[in-house]
Every structure is written in structure tokens, then in C-alpha cells.
Amino acid sequence: MSFAKLGVFAPLLKAIEELQYKEPTLIQKRAIPLVLQKKDIFATAQTGTGKTAAFALPLLQRLRKPVEGKGVRAIILSPTRELSIQIHEDITKYAKYMDIKVDILVGGKDLQKQRERLKRGTEIVIATPGRLLEHIENGLSLDDVEVFVLDEADRMLDMGFTKDIRKIHPLLPKRHQTLLFSATFSDKVRKLSKLILTKPAFIETAKKNTTVDTINQIAYHVDTDKKAALLAYLIGSRNFEQVLVFTRTKASADELAEELVKDGLKVGVIHGDKTKANRLKTLNQFKEGKIKVLVATDIASRGLDIEELPYVINYELPSIPEDYVHRVGRTGRAGREGEAITLIDIYEKYEIRDIEKLIGQKIPKDVVEGFEPDPTIRRKDVDEVKLKAEHKREAKKFVKHTKEPQKVTAKSLKMAKKKKKRKTTKRD
Ligand code: AMP
137 MSFAKLGVFA
147 PLLKAIEELQ
157 YKEPTLIQKR
167 AIPLVLQKKD
177 IFATAQTGTG
187 KTAAFALPLL
197 QRLRKPVEGK
207 GVRAIILSPT
217 RELSIQIHED
227 ITKYAKYMDI
237 KVDILVGGKD
247 LQKQRERLKR
257 GTEIVIATPG
267 RLLEHIENGL
277 SLDDVEVFVL
287 DEADRMLDMG
297 FTKDIRKIHP
307 LLPKRHQTLL
317 FSATFSDKVR
327 KLSKLILTKP
337 AFIETAKKNT
347 TVDTINQIAY
357 HVDTDKKAAL
367 LAYLIGSRNF
377 EQVLVFTRTK
387 ASADELAEEL
397 VKDGLKVGVI
407 HGDKTKANRL
417 KTLNQFKEGK
427 IKVLVATDIA
437 SRGLDIEELP
447 YVINYELPSI
457 PEDYVHRVGR
467 TGRAGREGEA
477 ITLIDIYEKY
487 EIRDIEKLIG
497 QKIPKDVVEG
507 FEPDPTIRRK
517 DVDEVKLKAE
527 HKREAKKFVK
537 HTKEPQKVTA
547 KSLKMAKKKK
557 KRKTTKRD
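Under the numbering used here, the first residue of the sequence shown carries the number 137, and numbering increases by one thereafter.
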């Protein structure tokens, strides 16, 4: 099956040929004809499956004929600035042989300058929900929107954008096409889909929450205080050229980076406290190979598109099991092989079961010679473990009621981490 057979028109075919897309991925095969038929879509597709082109190509084709005097004709909402930038880059490449104006509206940039650009006739807007609302409050009209796309909808809802989406949606014209993409099939997403989709076509390209088939997964048991040394050893002994490492919190990302620098590694850090300019600079240095190890938190990891990333390391398990799927989706992209290594300490030994339940498969476990866990180290007592679980539950509850969930979670988990450190003890 070729892109041409899916009905993709010549200017787009020329652009994707230059990008060396030989044939459409599964999500593209299924979504492109449906989007061209102007149907609403509810697609579960993970990062790395080619989902951006799955909506962007038919969207561009739908809007191929310029209409005089029209305002914005398509809105693509994405949860993070990084993902928005990635989508913008991709669409700009696909639209190389078309005459269509695409713009990106994300926070951290001058609102006034963005408004001036919009006045010059932007047809496709890629935006984060908050910044789009700011523009709407400043007079941006959605009256001419023909296509509304929500990318990584599950993540947007997890990040607390539900209210924003509910504010934006009624401002769209009655007749418009909505394309909803989500990596997971959560209840929140289902609820939203009922609100915003009309007779949608369902596309499920991966089983619920399963990890991508081309990823080899392995977990190594190791003591908490040996994790950094094991990580440095793995990078060195296995000659990892480029590796993405995930931590649970911003604080541990910083701490780990410091440790790895001491080991002589070139390291970059991306997390919510870094400015956008800083994050982009680090990402570019990583892409150019100037940085070997990129340490990132879950929130910051969304939208990172790094081609042919062979390794992802989970230095700490994520606080939400679904994030494991997002993390390992950074490797094995578009059919390539990838390896996801997870370092688990005595506490995470239990947490990993939630992830295995979610992905419906066992992650093979092993130890690395010289880094075997000390068998005399045990969890201090059941009460403390319970306390930690309660603490996490409270943090989650709190997140539900706050506008800035990532900040609160990070802070709460930082406290949990401090407690965790105190909990490891030696048996007499
Ligand atoms: P996405 O899931 O949209 O983040 O895409 C993941 C990566 O796959 C991006 O680097 C795309 O450029 C690439 N890609 C998308 N579609 C194809 C295709 N049909 N063939 C090869 N690579 C693709």
C-alpha cells in the first residue's frame, strides 16, 4: 500500500518522498482515508507510530484550496511546547510544495508578535491550550475552523487542560471535523470524546497500553545508591552513543546529571524548571551528538522527537504507570529496533508490577555483574511503605484539583523521595 493509493495528492507525495517515507505506517493507512472523507476520528496511537503524518497529511490536503478572506481553518492542540514545535516542523516539511500558512502559538513567546503574524492570514495553527485561549481572549476568532485536532489528548487531560479544552470547544463552528489522538485509552479521554466527537471512526493501532513490539525491554535489580554508578557503567561498557534517561522528579534529574558529569559524561537536562530556550538548546545539542546523555522528566519528555533513538533508560519508574508506555515509546520509533532498560530498586520491585499489569506483559529482570543488590538491604517496615502509598494517593488527589499539576506532583514526589532515602536500612 502506497501513500498515493491512500489518496494523498501530488504535492504531499513529493514532500514525503524527499523525507524517504517508503510506505505508510499502520495508523497512516487507517487514518488518512477517513480524514479525507471528513470523518471525526478517535485514534489510539503511541508516539513513534507516525501519528503526526496520519493527521497532518490529510489535513493539509483538505485545506489545499485557499479561501479568500477566511481566518484560521485548522487548530492543532498539543500538550507541550516541545510537541507543538515538533508538529510545526513536521507540517512545514510536509507542506513544502503547498501554498499554505502554518503558525505555532506557544507560551514563552511574545503574544503581540504572534498576534501580528496571525493577522497575515495563518490557516493552520498549532498551539498549547493555554496560549490559544489567551489569543481567543485577545480577539482570535475560531469561526472559520474546519478541522480541530487534539494530539496526545490523554496527556493534555493529565496536565489539567480539561477546562481549557471545554472553553475552546464551544467556540468552534457547529460543522467542523475533530480528530482526537491519544496514546492511551483512559476514562478521562473517553469522557472527552463523547463531548467533542460526532459519530467518530475508531482506530486502534496498538492494543490498550501495550508497548511497541520492536522494543526490547529489560529491568535490572540494583540498590538505590548504586543506580548512578550502574547507569554510567552501562553507558560506558555498552558504548551507548546517545541515550535518553528518565527520572521521576526534577530534583533527581539534576542530581543524576551532576553524578554523571563527575564520571566524565556529556550530559544535558530537560525538565519543567528549564526555560524553553534552554530546553531547545539542550535538545539540539543532543540531536547533534554534542551531548551523549539526556536526562529528562516525564512532563518534559513529551514531544521530544529524536530520530533513531536506540536506548531509553528508566533511572526511576514513573509515578504514573502509563508514563512507562510514553517513555519507552521514545525508542523503537517507526518500526526501528530499540531497547528500554529499567533500573529498579527494592521499592520499585513492587511498583513495576503495576506497569506489567498495564502493558499486559512481564518485563524480563536481571542483574548486572558487580551491581547485584545487597541481599541484607530490605524495606524498613510495612508501615512506612503504606505511608508512602498514602502520600502518593494524596498527591494524586491534589493534582486533580489544581491547575498546575506537574509542579505539585514534582514537589510532593520530591518529599516522597526524601522519605524513601531514609527508608532503606541494613539488617543487623
Ligand atoms: P510520530 O509518531 O508522528 O512522532 O512519528 C515518529 C517518526 O516517524 C517521525 O520521525 C516521523 O518523521 C517518522 N515517520 C512518520 N511516518 C513515517 C513513514 N511512513 N515512514 C518512515 N518514517 C515515518
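Just so it is clear, CB atoms sit at the ideal spot from N, CA and C, and this is done for glycine as well.
Since the model is a prediction, treat every value here as computed from it, not as a measurement.
Can we count residue i as close to ligand 1, meaning its CB is less than 6 Å from some heavy atom?
i	result
Tyr486	no
Thr433	no
Gly186	yes
Ala355	no
Ala192	no
Tyr230	no
Ala319	no
Tyr157	yes
Ala289	no
Ala189	yes
Thr161	yes
Thr183	yes
Expressed to the nearest angstrom, what Euclidean distance is found between the alpha-carbon atoms of residue i and residue j?
i	j	result
Gly474	Thr188	20 Å
Glu282	Ile177	14 Å
Thr180	Pro511	42 Å
Ala319	Glu288	6 Å
Ile301	Leu396	40 Å
Arg489	Ile227	39 Å
Thr571	Lys426	Since the displayed the chain opens at 137 and closes at 564, residue 571 lies outside it and no answer follows.
Lys344	Arg256	Because the pLDDT of Lys344 is 45, which lies under 50, any placement of that residue in the model is unreliable, and the number read from its coordinates should be weighed accordingly. Roughly 43 Å separates the two Cα atoms.
Lys485	Thr360	12 Å
Lys245	His224	15 Å
Phe382	Arg253	37 Å
Phe191	Arg415	26 Å
Ile221	Leu213	11 Å
Glu540	Ile491	Confidence at Glu540 is low in this model, with a pLDDT of 42, below 50, so the placement of that residue should be treated as unreliable; the coordinate-derived value is given next. Going by the C-alpha atoms only, they are around 25 Å apart.
Thr538	Gly296	Since pLDDT at Thr538 reaches only 49, below the 50 mark, its modelled position is unreliable, and the value read off the structure follows with that caveat. Cα to Cα, the separation comes out at about 8 Å.
Leu445	Asp280	39 Å
Thr334	Lys174	11 Å
Leu155	Glu505	43 Å
Lys543	Asp290	For Lys543, the predicted structure reports a pLDDT of 42, less than 50, and the residue's modelled location is therefore unreliable. A value from the coordinates is still provided. So the two alpha carbons sit approximately 18 Å from each other.
Ala609	Leu170	Residue 609 is absent from the structure shown; the chain starts at 137 and stops at 564.
Lys498	Asn352	12 Å
Arg166	Glu394	45 Å
Lys501	Ile480	9 Å
Glu273	Pro306	14 Å
Asp517	Leu172	Unreliable placement is indicated for Asp517, whose pLDDT of 47 sits below 50; the coordinate value is still reported in the next sentence. So the two alpha carbons sit approximately 59 Å from each other.
Gln421	Arg374	22 Å
Val238	Thr258	6 Å
Phe317	Glu391	35 Å
Gln313	Pro509	54 Å
On the CB-based measure, 16 or more other CB atoms within 10 Å of its CB, does residue i come out buried or exposed?
i	result
Ser277	exposed
Glu458	buried
Thr478	buried
Gly205	exposed
Ala140	exposed
Gly404	buried
Lys232	exposed
Arg311	exposed
Ser329	buried
Pro454	buried
Thr411	exposed
Pro194	buried
Asp294	buried
Leu315	buried
Please report the Cβ distance between residue i and residue j, rounded to the nearest whole angstrom; I am assuming they are in contact, meaning their Cβ atoms lie under 8 Å.
i	j	result
Ile495	Val461	7 Å
Lys428	Leu401	6 Å
Asp399	Ala368	4 Å
Ile236	Ile262	Actually they do not touch by this definition, with Cβ atoms about 13 Å apart.
Thr418	Ile435	That belief does not hold up - the Cβ atoms of Thr418 and Ile435 are roughly 15 Å apart, past 8 Å.
Ile163	Gly143	Going by Cβ atoms, the distance from Ile163 to Gly143 rounds to 16 Å, so no, they are not a contact pair.
Ile260	Ala210	5 Å
Thr264	Val242	5 Å
Ile482	Ile456	About 21 Å; that fails the 8 Å criterion.
Lys229	Ala151	6 Å
Gln248	Gly465	Not a contact, Cβ separation roughly 37 Å.
Of all the CB atoms in chain E, is at least one closer than 7 Å to the CB of residue i?
i	result
Arg256	Absent from the structure: chain E. Only one protein chain is present.
Query raised in the report: Which ranges does the beta strand (DSSP E) cover as unbroken runs of at least 3 residues, wholly within the segment 413-492, from first to last along the chain?
Result: 429-432, 447-450 and 474-480
Query raised in the report: What alpha helix (DSSP H) runs, 4 residues minimum, are completely inside the segment 255-289?
Result: Unbroken alpha helix (DSSP H) stretches of 4 residues or longer found wholly inside the segment 255-289: 265-273, given in chain order.
Requested in this report: Within the segment 167-240, note down every full alpha helix (DSSP H) run reaching 4 residues or more, in order along the chain.
Outcome: 187-198 and 217-230
Report task. Would you mind listing the alpha helix (DSSP H) stretches within the segment 308-394 that are 4+ residues and don't spill past its ends, in chain order? Result -> 323-332 and 363-373
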